[in-house]
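Residue numbers (the working numbering), protein chains in the order written: chain A, -13 to 125; chain B, 2 to 398.
We treat Cβ as the ideally placed atom computed from N, Cα and C, and that holds for glycine.
Note that the structure is a prediction, hence the values are computed from the model and not measured.
Each remark here refers to the structure printed beneath this line.
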Amino acid sequence: MNPELKREIMIDNYSNPFHKETKDEEDYIKENGNNVSCIDDVNLYVKIEEDIIVDAYFDGEACAISTSSTSIMLKNIIGKNITQVKNYITNFQNMIYEKDYDKNILGDAIVYDEIYKQESRKTCATLPYTAILKIIDKK
Amino acid sequence: MNREDFPMFKQDIIYLDNGATTFKPSVVIDKIVDYYSNYSANAHRGDYSISYKVDVEYENARRKIAKFINANLDEVVFTSGATESINIIVDGFFDNLVEPGDEIILSKSEHASNVLPWFRLANKKGARIVYAPLDTHLHITLEGIKSVITPKTKIISLAEITNVVGDLRPIKEICELAHANDIFVVVDGAQSVPHKKTDVKISDVDFLVFSGHKMCGPTGIGVLYGKKELLESVNPLILGGGMNESFDSEQEIFLKELPQRLEAGTPNIAGAIGFGAAIDYLEKIGMDYIAIYEQKLKAYLVERLMQLEHITIINEESDSGIVAFNVEDIFSQDVAYYLNKYNVCVRAGNHCAKILKSITGVKNTIRVSLYFYNTYEEIDSLIELLTDKDKIIKEMI
C-alpha cells in the first residue's frame, strides 16, 4: 500500500471514527487504555456473548494514531470469536514489533506496518490492543 | 541571546519546553565535570585537601543561592527539587500543626506537586482543601483569596507563576493578608524563580521551593527555603549521616544545626555545585533583563498566534513566558508530533495541572514556555509551521 493511501485511511478513521460514541450501556465490559508517556485516554466497551464479540464502541481523547487504530481494530473484531480475535491481535503486535506476521488477516490495520520507524508512536498504535487483551482476560 | 553558551544549540533544534526543564550552559557542565574530575570526594570530611574543597564549593553554592533569593545562609536547604521540598514541609512541618477542620487554600491551576501532598495531609488530618477562585482570565486575585479566608484557614499554598496559565500571583500582598490572619504561606517558585527577581524578605513568604534544572542548573537538585524559626521546627523525614551531631546506644540522638539537619546522607554534591554555577550565570545576564526580554518575546508570540484563525489561546493574558493553545480540530499531541518533525520541541497535555480542566473545559493543550535564549526568529519558524492547518493534518502522522 502506498504511503498516501495509508495516511488517508488513518485520517479517515481519525476524523470519522467507527463506533466512537458516548453512551451508557449495560452488559459491556469497560477497559481504559492509556500510555504513561503520553496523554492518550481511551475507554473501550465490549459486549461478548458466548464466545463472540457481538459489539464494541469507544470514547475518550487520543491522538490520530491511537484513535484511528482503535477505530480500525473495532471494525476488525466485531463478529469474530475470541480465538480469531486473539490471532488477529498477535499478528498485529508481530507487525508492530517487526516479527513475522500474516498480513491477510489484518485488513486496514496494515496501514501501521511502518510505524516501527517512529519508536514513540508504537505505543499509540497498540493502545487499543492492550486494552482489548485485558477485556478478553477478564472474560 | 547567549545561545553560544549552550552546547545543545549546536543541534538544529527549537526548544520551547522550558517550563519542563532548561538547557545547561557550558559553565554549569564544566563545573560538574571539574568536581568529578578534580576533587571527587565526599562533603563534610574535610580531613584532606580535596574533601575540604568539596565543603568550600558546596557551601559556596548555598551562599550564592541564599544571596540570589535574599535569604540567610541557614535558611537554604538543598533537596532533590521543588517536589521533594514541598513534601518535606507538608510531612515534616504541617503534619504537626494541622488539626481536624483546618482549611488549606490551594487553586485549581496548581501543579500536582502542590496538590497531592496537601490532599494526603488533609485526608489524614480531617482538614479541608479550599480552592481560591480564578477570575475570567484564570488568574488568582487578592480579592479572590480574601473571599475564601475563614477563621479556620491555616495555610495558603500557591505557585507564584503557574505552569499552564502562567499568571503571576501577588505573593507579597497575599503574605501580608495571610500573616495578618495567622496563616502560613507556602510558595511554589518552580516557574517563577528562574524568570524574575526573587526576594524572600520583601515578599515575606514562610516557605519557598524551587528546582535547579528549570534555571540552567542540573537535574536532581533544588531548594527548600524557610524562615529560620519555622525551619527549626521541621521534623527531619530522613535520618542518617551528616544530619546528626551524635547518638548513643541509649537511642538518644542529637541533631546538627540547620540546614545540615535536613540534609541526611551524602548530598547531591555535583548538583549543588552545578546549581551554584547556574546562579552565577543567571546573575551575570541579570534577572530583570531576563524578565523583560521574556515578556517582549511572549507578547510577540501571542500577537503572531492571534493572527491564525484556527488557533485558540487559553491564556493570552499570561504574565510569564508560558502560552497554552490549541489548533482547531487537532489533538494537541498530534500538533506536537508534527512540530517535532521540524525539530521544534513543545509540550502537549495537561501539564500536571489535572484539575484545571474542570474550569476551562479544556483537558489538553500545546504549551510553549520560553526562556531568555529563545529568539524572535524561532517564534517566526513556529508560526510558519502552524500557519497551514491542512499541512499539519497531512504531516502529523
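Given that A349 (chain B) touches chain A, what residues does it touch there, using C-beta distances under 9 Å? Translated into positions along the second sequence, residue 349 (chain B) becomes position 348. C24, I25, C49, listed in chain order.
Within the chosen definition, does the stretch 306 to 316 of chain B reach the stretch 149 to 158 of chain B through at least 3 CB pairs nearer than 8 Å? no
Contacts around M9 (chain B), its chain only, beta-carbon distance under 6 Å, and the 5 residues preceding and following it disregarded: Translated into positions along the second sequence, residue 9 (chain B) becomes position 8. In the same chain as M9 (chain B), and ignoring 5 residues on each side of it, the C-beta atoms closer than 6 Å to its own belong to F24, in chain order.
I need the straight-line Cα distance from M(-13) (chain A) to I(-3) (chain A), nearest angstrom please. Here residue -13 (chain A) refers to the residue found at position 1 when the first sequence is read from its first residue. Here residue -3 (chain A) refers to the residue found at position 11 when the first sequence is read from its first residue. Roughly 15 Å separates the two Cα atoms.
Identify whether N18 (chain A) lies in helix, strand or coil by the three-state DSSP scheme. Within the first sequence, residue 18 (chain A) is the residue found at index 32, counting from 1. Of the three classes helix, strand and coil, the one that applies to N18 (chain A) here is strand, per DSSP.
For a contact meaning CB atoms closer than 8 Å, what does F332 (chain B) contact in chain A? In the second sequence, residue 332 (chain B) corresponds to position 331, counting from 1. Near F332 (chain B) (Cβ distances below 8 Å), the residues of chain A are E47, A48, C49, A50, T53.
Terminal residues of the alpha helix (DSSP H) in which D183 (chain B) lies: For the purposes of this step, residue 183 (chain B) is taken as residue 182 along the second sequence, with counting starting at 1. Looking at the DSSP string, D183 (chain B) is not in any alpha helix (DSSP H), and its letter there is neither H nor E.
Using alpha carbons as the reference points, say which of B:N269, B:E58, B:I141 lies closest to E318 (chain B). Reading the second sequence from its first residue, position 317 is the one you call residue 318 (chain B). When each option's Cα is compared against that of E318 (chain B), the closest is B:I141.
Is the CB of K198 (chain B) under 8 Å away from at least one CB in chain A? The residue you call residue 198 (chain B) lines up with position 197 of the second sequence. Closer than 8 Å: no.
Comparing the C-beta of M9 (chain B) with each C-beta of chain E, is any distance below 8 Å? This model lacks chain E altogether; the protein chains it does include are A and B.
Paired residues, beta bridge with D45 (chain A) - DSSP: The count along the first sequence starts at 1 and reaches residue 45 (chain A) at position 59. For D45 (chain A), which the question treats as bridged, DSSP gives the partners A:N29.
Against chain A, with Cβ distances strictly below 8 Å, would I1 (chain B) count as a contact? Within the shown structure, residues of chain B are numbered from 2 to 398, placing residue 1 (chain B) beyond reach of any answer.
According to the Cβ coordinates, are H196 (chain B) and I291 (chain B) closer than 8 Å? Position 195 of the second sequence, counted from the first residue, corresponds to residue 196 (chain B). Position 290 of the second sequence, counted from the first residue, corresponds to residue 291 (chain B). In this structure, I291 (chain B) lies closer than 8 Å to H196 (chain B) by Cβ.
Could you check whether the Cβ of M81 (chain A) sits closer than 8 Å to any Cβ belonging to chain B? Start at 1 with the first residue of the first sequence, and residue 81 (chain A) comes out as number 95. Answer no: the Cβ-Cβ gap between M81 (chain A) and chain B never drops below 8 Å.
At 9 Å on the CB atoms, spell out the chain B contacts of M(-4) (chain A), in chain order. Residue mapping note: residue -4 (chain A) aligns to position 10 of the first sequence, counting from 1. Think of a sphere of 9 Å around the beta carbon of M(-4) (chain A): the chain B residues whose beta carbon falls inside it are I398, in chain order.
Do you know how far the Cα of G322 (chain B) is from the Cα of A83 (chain B)? Locating residue 83 (chain B) in the second sequence gives position 82, counting from the first residue. Locating residue 322 (chain B) in the second sequence gives position 321, counting from the first residue. Distance between the alpha carbons of A83 (chain B) and G322 (chain B): 20 Å.
Could you tell me the boundaries of the beta strand (DSSP E) in which V324 (chain B) lies? By 1-based counting over the second sequence, the position of residue 324 (chain B) is 323. Start and end: 323 to 328.
Closer than 8 Å at the beta carbon, the chain A residues around N365 (chain B): Start at 1 with the first residue of the second sequence, and residue 365 (chain B) comes out as number 364. Neighbours of N365 (chain B) in chain A, taken as residues whose beta carbon is under 8 Å from its own, are I25, E47 in chain order.
Check the C-beta distance from D99 (chain A) over to M81 (chain A) and give it rounded, since I have them as a contact under 8 Å. As a first step, residue 99 (chain A) is located in the first sequence; it is residue number 113 there, counting from the start. As a first step, residue 81 (chain A) is located in the first sequence; it is residue number 95 there, counting from the start. D99 (chain A) to M81 (chain A), Cβ: 6 Å. Contact.
I'd like to know whether the C-beta of D389 (chain B) is nearer than 8 Å to at least one C-beta of chain A. Here the question's residue 389 (chain B) lines up with position 388 in the second sequence. It does not: the Cβ of D389 (chain B) has no partner Cβ on chain A nearer than 8 Å.
From N90 (chain A) to M59 (chain A), what distance separates their C-alpha atoms? In the first sequence, counting from the first residue as 1, residue 90 (chain A) sits at position 104. In the first sequence, counting from the first residue as 1, residue 59 (chain A) sits at position 73. Rounded to whole angstroms, N90 (chain A) to M59 (chain A) spans 15 Å at the Cα level.
Determine the contact status of A128 (chain B) and P101 (chain B), defining contact as a CB-CB distance below 8 Å. Stepping through the second sequence from its first residue, residue 128 (chain B) is reached at position 127. Stepping through the second sequence from its first residue, residue 101 (chain B) is reached at position 100. In contact: A128 (chain B) and P101 (chain B) (Cβ atoms closer than 8 Å).
Does D96 (chain B) come within less than 8 Å of chain A when only Cβ atoms are used? Numbered from its first residue, the second sequence carries residue 96 (chain B) at position 95. Output row for D96 (chain B): interface = no.
Could you run through the stretch 239 to 268 of chain B and flag, in chain order, every residue whose CB is less than 9 Å away from some CB of chain A? Residues are counted here when their Cβ sits less than 9 Å from a Cβ of chain A; for the stretch 239 to 268 of chain B the count is zero.
Which residues in chain A sit within 8 Å of I274 (chain B), going by Cβ to Cβ distance? Working through the second sequence from its first residue, we reach residue 274 (chain B) at position 273. Neighbours of I274 (chain B) in chain A, taken as residues whose beta carbon is under 8 Å from its own, are absent, since the nearest beta carbon is some 32 Å off.
In angstroms with no decimal places, state the Cα-to-Cα distance between G223 (chain B) and K215 (chain B). As a working note, residue 223 (chain B) is residue 222 in the second sequence. As a working note, residue 215 (chain B) is residue 214 in the second sequence. Cα to Cα, G223 (chain B) sits roughly 10 Å from K215 (chain B).
For T199 (chain B), does the three-state DSSP call read helix, strand or coil? What you label residue 199 (chain B) is simply residue 198 of the second sequence in a count that begins at 1. Three-state DSSP puts T199 (chain B) in coil, outside helix and strand.
Quick one: what does DSSP say L135 (chain B) is sitting in, helix, strand or coil? Numbered from its first residue, the second sequence carries residue 135 (chain B) at position 134. In the structure shown, L135 (chain B) sits in a strand (DSSP, three-state: E or B).
Are R305 (chain B) and I203 (chain B) close, meaning C-beta to C-beta below 8 Å? As a working note, residue 305 (chain B) is residue 304 in the second sequence. As a working note, residue 203 (chain B) is residue 202 in the second sequence. No, the Cβ-Cβ distance between R305 (chain B) and I203 (chain B) is not below 8 Å.
Determine the burial state of F326 (chain B): buried for a count of at least 16 other Cβ atoms within 10 Å of its Cβ, exposed for fewer. Indexing the second sequence from 1 puts residue 326 (chain B) at position 325. Answer is buried; the Cβ neighbour count reaches 16.
Pair within 8 Å by beta-carbon distance, L238 (chain B) and D92 (chain B): Your numbering for residue 238 (chain B) matches position 237 in the second sequence. Your numbering for residue 92 (chain B) matches position 91 in the second sequence. Their beta carbons are under 8 Å apart, which means L238 (chain B) touches D92 (chain B) by this criterion.
Please classify Y377 (chain B) as buried or exposed, where buried requires at least 16 other C-beta atoms within 10 Å of its C-beta. Counting from 1 along the second sequence, the entry for residue 377 (chain B) is found at position 376. It counts as exposed.
Nearest-angstrom Cα separation, counted from A62 (chain B) out to T220 (chain B): In the second sequence, the residue the question calls residue 220 (chain B) occupies position 219. In the second sequence, the residue the question calls residue 62 (chain B) occupies position 61. Cα to Cα, the separation comes out at about 15 Å.
At the 8 Å Cβ level, is D18 (chain B) part of the contact set with chain A, yes or no? Working through the second sequence from its first residue, we reach residue 18 (chain B) at position 17. For D18 (chain B), the answer is no, since every Cβ of chain A falls outside 8 Å of its Cβ.
Residues that I394 (chain B) contacts on chain A, provided the C-beta gap is smaller than 8 Å: Here the question's residue 394 (chain B) lines up with position 393 in the second sequence. Neighbours of I394 (chain B) on chain A, chain order: I(-3).
Span of the beta strand (DSSP E), counted from its first residue to its last, around N316 (chain B): By one-based count along the second sequence, residue 316 (chain B) stands at place 315. Element bounds for N316 (chain B): n/a, residue is neither H nor E.
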